[in-house]
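2 protein chains.
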Amino acid sequence: MKRYEQLAEELASSIRTGLMKLGDRLPSVRQVSASRGVSASTVFEAYYLLEARGLIRARERSGYYVTAGGTSLPPEPGTACSYDATSLPVEVSELVFSVLASVTTREVVPLGSAFPSPLLFPLPRLARSLAYGANTMDPWSTVDDITPGNAALRRQIALRYLADGVHVQPDDIVITNGALEALNLSLQAVTKPCDCVIVESPTFYGALQALENLGLKAIEVPSSPRDGIDLGLLAQVLEMHRAAACWLMTNFQNPLGSLMPEEKKRALVSLLAAHEVPLIEDDVYAELYFGKKRPLPAKAFDQFGLVLHCSSFSKSLAPGYRLGWAIPGKFRQSVSRLKLMRTLAVAAPIQEGISDYLAKGGYDRHLRQLRHALSQQQISLATAVLRHFPFGTRATRPEGGYFMWVELPPGIDSLLLQRDASAAGISIAPGPMFSARASFKNCIRLNYGHPWTPEFDKAIATLGRLATIQLANAKMAPEAHVPALRRDDAIRRV
Amino acid sequence: MKRYEQLAEELASSIRTGLMKLGDRLPSVRQVSASRGVSASTVFEAYYLLEARGLIRARERSGYYVTAGGTSLPPEPGTACSYDATSLPVEVSELVFSVLASVTTREVVPLGSAFPSPLLFPLPRLARSLAYGANTMDPWSTVDDITPGNAALRRQIALRYLADGVHVQPDDIVITNGALEALNLSLQAVTKPCDCVIVESPTFYGALQALENLGLKAIEVPSSPRDGIDLGLLAQVLEMHRAAACWLMTNFQNPLGSLMPEEKKRALVSLLAAHEVPLIEDDVYAELYFGKKRPLPAKAFDQFGLVLHCSSFSKSLAPGYRLGWAIPGKFRQSVSRLKLMRTLAVAAPIQEGISDYLAKGGYDRHLRQLRHALSQQQISLATAVLRHFPFGTRATRPEGGYFMWVELPPGIDSLLLQRDASAAGISIAPGPMFSARASFKNCIRLNYGHPWTPEFDKAIATLGRLATIQLANAKMAPEAHVPALRRDDAIRRV
Numbered sequence: 473m474k475r476y477e478q479l480a481e482e483l484a485s486s487i488r489t490g491l492m493k494l495g496d497r498l499p500s501v502r503q504v505s506a507s508r509g510v511s512a513s514t515v516f517e518a519y520y521l522l523e524a525r526g527l528i529r530a531r532e533r534s535g536y537y538v539t540a541g542g543t544s545l546p547p548e549p550g551t552a553c554s555y556d557a558t559s560l561p562v563e564v565s566e567l568v569f570s571v572l573a574s575v576t577t578r579e580v581v582p583l584g585s586a587f588p589s590p591l592l593f594p595l596p597r598l599a600r601s602l603a604y605g606a607n608t609m610d611p612w613s614t615v616d617d618i619t620p621g622n623a624a625l626r627r628q629i630a631l632r633y634l635a636d637g638v639h640v641q642p643d644d645i646v647i648t649n650g651a652l653e654a655l656n657l658s659l660q661a662v663t664k665p666c667d668c669v670i671v672e673s674p675t676f677y678g679a680l681q682a683l684e685n686l687g688l689k690a691i692e693v694p695s696s697p698r699d700g701i702d703l704g705l706l707a708q709v710l711e712m713h714r715a716a717a718c719w720l721m722t723n724f725q726n727p728l729g730s731l732m733p734e735e736k737k738r739a740l741v742s743l744l745a746a747h748e749v750p751l752i753e754d755d756v757y758a759e760l761y762f763g764k765k766r767p768l769p770a771k772a773f774d775q776f777g778l779v780l781h782c783s784s785f786s787k788s789l790a791p792g793y794r795l796g797w798a799i800p801g802k803f804r805q806s807v808s809r810l811k812l813m814r815t816l817a818v819a820a821p822i823q824e825g826i827s828d829y830l831a832k833g834g835y836d837r838h839l840r841q842l843r844h845a846l847s848q849q850q851i852s853l854a855t856a857v858l859r860h861f862p863f864g865t866r867a868t869r870p871e872g873g874y875f876m877w878v879e880l881p882p883g884i885d886s887l888l889l890q891r892d893a894s895a896a897g898i899s900i901a902p903g904p905m906f907s908a909r910a911s912f913k914n915c916i917r918l919n920y921g922h923p924w925t926p927e928f929d930k931a932i933a934t935l936g937r938l939a940t941i942q943l944a945n946a947k948m949a950p951e952a953h954v955p956a957l958r959r960d961d962a963i964r965r966v
Numbered sequence: 473m474k475r476y477e478q479l480a481e482e483l484a485s486s487i488r489t490g491l492m493k494l495g496d497r498l499p500s501v502r503q504v505s506a507s508r509g510v511s512a513s514t515v516f517e518a519y520y521l522l523e524a525r526g527l528i529r530a531r532e533r534s535g536y537y538v539t540a541g542g543t544s545l546p547p548e549p550g551t552a553c554s555y556d557a558t559s560l561p562v563e564v565s566e567l568v569f570s571v572l573a574s575v576t577t578r579e580v581v582p583l584g585s586a587f588p589s590p591l592l593f594p595l596p597r598l599a600r601s602l603a604y605g606a607n608t609m610d611p612w613s614t615v616d617d618i619t620p621g622n623a624a625l626r627r628q629i630a631l632r633y634l635a636d637g638v639h640v641q642p643d644d645i646v647i648t649n650g651a652l653e654a655l656n657l658s659l660q661a662v663t664k665p666c667d668c669v670i671v672e673s674p675t676f677y678g679a680l681q682a683l684e685n686l687g688l689k690a691i692e693v694p695s696s697p698r699d700g701i702d703l704g705l706l707a708q709v710l711e712m713h714r715a716a717a718c719w720l721m722t723n724f725q726n727p728l729g730s731l732m733p734e735e736k737k738r739a740l741v742s743l744l745a746a747h748e749v750p751l752i753e754d755d756v757y758a759e760l761y762f763g764k765k766r767p768l769p770a771k772a773f774d775q776f777g778l779v780l781h782c783s784s785f786s787k788s789l790a791p792g793y794r795l796g797w798a799i800p801g802k803f804r805q806s807v808s809r810l811k812l813m814r815t816l817a818v819a820a821p822i823q824e825g826i827s828d829y830l831a832k833g834g835y836d837r838h839l840r841q842l843r844h845a846l847s848q849q850q851i852s853l854a855t856a857v858l859r860h861f862p863f864g865t866r867a868t869r870p871e872g873g874y875f876m877w878v879e880l881p882p883g884i885d886s887l888l889l890q891r892d893a894s895a896a897g898i899s900i901a902p903g904p905m906f907s908a909r910a911s912f913k914n915c916i917r918l919n920y921g922h923p924w925t926p927e928f929d930k931a932i933a934t935l936g937r938l939a940t941i942q943l944a945n946a947k948m949a950p951e952a953h954v955p956a957l958r959r960d961d962a963i964r965r966v
């Protein structure tokens with residue numbers, strides 16, 4: 473552990489134990505530097521790290537203040553839910569599309585959006601790399617860069633994995649149109665229609681749509697907002713069903729924000745390998761960590777080539793560029809051929825441009841700024857939710873990404889809430905979008921991927937008011953508003 | 473008809489009737505201008521048109537010469553084939569991928585390639601538009617440009633259709649990752665696994681792979697090298713089978729190069745509409761016409777929204793940019809949603825860049841040059857084939873595109889020829905790639921989309937020699953080399 477990390481750890485501990493409380497001013501950099509005998513830059517780095525982790529925040533010209541602590545954030549939700557291990561066909565698309573359609577205009581406050589603000593990304597710098605790439609591109613790249621993709625780009629991507637301690641070769645990588653295509657192709661490579669696929673509950677609706685698209689059945693396994701899928705239940709399901717694949721997110725899962733610890737990832741990979749079940753790993757949020765380093769993917773523990781790891785630059789660098797990739801292990805040829813058959817290739821100039829940016833664009837510097845912004849925005853959202861949402865509301869505190877999962881008191885119908893919110897110019901992502909059973913009726917996913925403005929604070933206040941009204945109505949006419957599926961009874965606490 | 477077109481028609485007629493023969497020098501521009509009383513520019517335009525149609529060619533500083541005529545090109549092949557209207561599952565991919573894998577290095581003479589030379593395209597000018605588009609792009613375009621796609625780009629595409637006499641609105645268009653994605657999505661929108669789909673015989677192998685990918689069965693209907701699918705047989709098939717869709721190319725079909733006349737297109741659309749069978753129209757080569765104007769697509773005659781028209785800029789403007797579109801008629805929402813589920817969007821900078829190019833890049837000027845180059849290259853290839861290929865060889869004379877379909881004498885095994893050619897550093901596309909039944913054993917598709925060089929002439933000579941050797945061997949040991957499927961017996965002449 474470096475000096476500044478040690479210092480940050482000590483200060484974080486003081487905040488956790490309550491020695492320093494919410495709103496307390498931290499000692500000045502000069503004071504700490506003198507009292508500890510460390511350089512000012514070490515103190516700055518420690519403060520910067522604490523800020524990135526959401527524990528303190530700088531106020532202009534007045535120093536650093538504690539912004540988090542035992543009581544300043546909403547309590548955390550538990551793991552879902554009324555557990556049911558039967559498989560079922562997926563038909564979530566109508567709901568998903570109707571919700572997505574309500575987010576398309578810019579006037580709407582995008583709390584339900586799946587995307588972070590494009591203003592947080594180095595689009596002008598990327599445009600320069602793109603112009604350079606397109607201009608200097610060998611005309612034959614238009615042929616050479618077809619699937620598996622541009623060799624220099626694949627090398628840059630492999631180098632990042634290597635730096636993070638994941639052994640990946642350029643030839644292991646297949647470039648795709650965003651992670652979504654990588655995931656769809658991976659799923660198709662390991663399944664045939666009517667197969668069962670294990671997903672988390674709740675899960676990213678894109679996974680449910682991919683299953684629906686390929687005529688697959690879903691088996692939902694509860695996932696904890698803290699550390700991901702329940703391995704005990706997963707083991708049971710693997711005994712009960714012949715699953716063709718398991719699809720999950722190990723790092724900052726959408727919608728929960730959960731982060732699976734390394735040891736659990738290792739156990740997950742060997743559990744699935746013991747059943748010879750391929751793991752489709754959606755790892756698009758890994759670079760958005762607030763902690764010390766990029767959490768390893770499950771791919772890092774893959775000994776048999778059974779992990780089909782998928783990621784992209786859409787959430788970390790280049791929204792709208794649609795550049796993703798698969799590292800499909802022993803299914804590489806299948807994924808590559810499916811890609812050739814479905815979309816042939818990713819645009820050559822895009823590949824050349826991103827490759828140029830990775831080589832010299834300052835990706836790591838951008839990522840530090842982005843992580844910092846997201847962690848700050850999380851605190852703003854959590855603070856607003858605590859202030860405005862009805863008593864009994866719980867919310868996750870992800871250690872990365874830009875989604876907060878909010879569990880409102882039982883009795884709330886998030887689909888109704890979504891309709892009311894939409895009428896008030898606010899989008900939210902209602903819980904039932906994230907489940908083949910339309911569970912999580914009283915949950916919503918909120919996006920904190922946008923620079924925090926008073927508009928967001930106002931929107932959260934409005935949502936809180938709408939929820940409170942709904943609860944009051946439910947109490948007055950309980951038979952009409954109590955959710956059909958009571959899931960809170962069965963909640964197990966983490 | 474304009475003056476210069478009239479003049480060109482008269483001269484073409486003189487060539488057809490044999491009044492002017494191969495190698496004859498045409499009267500000089502000044503002579504014609506004086507004798508006909510037309511301006512020199514009118515004569516130039518007429519000569520240019522004849523050159524584009526492959527009838528004459530300029531020699532530097534010595535005027536124009538007749539390059540085509542009754543006897544200067546190989547005879548045309550007839551329509552396939554031993555006709556069998558049963559449906560069957562498709563398993564062509566192994567063959568296709570093994571052939572494609574043999575084309576990947578630049579050292580190979582690319583007669584088997586599916587792509588034209590990238591050197592024929594305005595890549596530097598496109599790079600400028602791309603740089604401009606990426607630089608001036610509103611950051612929110614990364615969200616706004618997701619499927620159905622950038623509004624300005626869809627408007628530009630619609631305007632081109634309108635100019636060509638096809639009534640298309642921007643909102644009818646869904647932007648895709650190349651035509652290949654548009655076709656795959658269109659096919660998925662109108663079928664479910666195990667359905668039967670009617671395709672041409674021979675057909676583009678991408679269509680067969682798309683069927684295979686979705687678990688569909690193919691019904692092959694013979695197609696004429698001159699004017700496309702046999703409507704009589706199609707009508708019979710429609711009576712016999714409940715087809716979920718019909719997939720074909722009406723303009724410069726791959727691999728035949730056939731062009732369906734307008735009246736036949738109209739009849740095709742109404743025949744399919746009478747059976748309520750959607751038509752998936754792959755129209756990627758339409759802009760590469762050598763005649764007077766863009767041939768209309770079948771979409772132009774679509775009254776009920778049953779034609780899913782697909783195209784792209786990959787063959788006409790921007791290879792490697794992967795920008796295509798679907799105009800799916802009444803299946804627009806299905807195609808759009810499938811696109812959102814599979815790949816979400818096309819890269820925003822690519823959409824912005826192409827849109828900018830279309831608005832001010834000089835597309836039509838580029839197209840004129842491209843068409844001229846392709847028509848000249850066709851003559852070079854046809855001349856070489858006539859000179860070097862064994863007696864009895866037939867070859868198509870497409871009025872557009874860059875593929876020639878060559879029917880070698882019976883007894884030739886094009887898969888063997890492909891293997892021998894590959895060893896000699898030459899790629900070809902063997903006939904069985906283009907059929908679910910692996911028919912067309914003695915046919916190959918040759919690409920004339922590359923500037924003609926002595927290297928190509930040499931390659932054609934080598935191919936001719938290899939074919940001649942194969943024929944000689946076949947005569948010496950007929951039992952070993954006569955194709956299992958004798959299809960020449962059943963050939964019907966157009």
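Protein chains in written order, with our numbering: chain A, 473 to 966; chain B, 473 to 966. All C-beta atoms in this analysis are idealised placements derived from N, C-alpha and C, irrespective of residue type, glycine included.
Among the residues of the region 619–648 of chain B, none has a Cβ less than 7 angstroms away from any Cβ of chain A. At least one beta carbon of chain A lies nearer than 7 angstroms to the beta carbon of Thr-614/B. At a cut-off of 7 angstroms, the C-beta of Gln-849/B has no neighbouring C-beta in chain A. DSSP places Glu-672/B inside the beta strand (DSSP E), whose first and last residues are 668–673. Classified as exposed, Gln-841/B has fewer than 16 neighbouring CB atoms from the shown chains inside 10 Å of its CB. Across the region 820–837 of chain B, CB contacts with chain A closer than 7 angstroms involve Ala-820, Pro-821, Ile-822, in sequence order along the chain. For Leu-591/A, the C-beta contacts it makes with chain B under 8 angstroms involve Pro-611, in order along the chain. Within the model, the alpha-carbon separation for Leu-498/A versus Val-580/A is close to 38 angstroms. Taking C-beta atoms as the reference points, Glu-481/A and Ser-565/A fail to come closer than 7 angstroms. Taken in chain order, the complete beta strand (DSSP E) segments of 3 or more residues contained in the region 511–592 of chain A are 528–531, 535–538. Neighbourhood of Pro-665/B in chain A, by CB distance below 9 angstroms: Pro-665, Gly-687, in chain order. Going by beta carbons, Phe-906/B and Thr-675/B fall inside the 7 angstroms limit.
Residue-level contact by beta carbon holds for Asn-656/B and chain A, with a gap shorter than 7 angstroms.
Here Met-712/A carries a helix assignment [DSSP, helix/strand/coil]. Contact note: Ala-931/A does not reach chain B at a C-beta cutoff of 8 angstroms; the least C-beta distance is about 18 angstroms. Ala-679/B and Val-671/B do touch by the CB rule: their CB atoms are close to 5 angstroms apart, below 8 angstroms. In the DSSP assignment, Gly-796/B forms a beta bridge with Thr-648/B, Ser-784/B.
For Gly-883/A, no chain B residue has a Cβ inside 7 angstroms of its Cβ, as the nearest lies near 33 angstroms away.
Think of a sphere of 9 angstroms around the beta carbon of Thr-815/A: the chain B residues whose beta carbon falls inside it are Thr-648, Asn-649, Gly-650, Leu-652, Glu-653, Asn-656, Arg-794, Arg-814, Thr-815, in chain order. By the CB criterion at 7 angstroms, Asp-702/B and Lys-736/B fall outside the cutoff. Rounded to whole angstroms, the gap between the alpha carbons of Gln-641/B and Ser-808/B is 15 angstroms.
Distance between Ser-696/B and Cys-666/B, taken at the CA atoms: about 28 angstroms. For the 7 angstroms CB-CB criterion, Ser-730/B and Val-756/B do not form a contact.
Per DSSP, reduced to three states, the secondary structure at Glu-824/B is helical.
When DSSP states are grouped into helix, strand and coil, Glu-879/A belongs to the strand group.
Residues of chain A with a Cβ closer than 7 angstroms to the Cβ of Pro-791/B are, in chain order, Thr-614. Chain B has a Cβ within less than 7 angstroms of the Cβ of Phe-587/A. Shown here for Ala-896/A: same chain residues with a beta carbon closer than 6 angstroms to its own, the five before and five after excluded, namely Thr-934 in chain order.
In this structure, Pro-902/B sits near Leu-887/B, with a CB-CB distance shorter than 7 angstroms. By the criterion of at least three beta-carbon pairs nearer than 8 angstroms, the region 816–836 of chain A is in contact with the region 777–796 of chain A.
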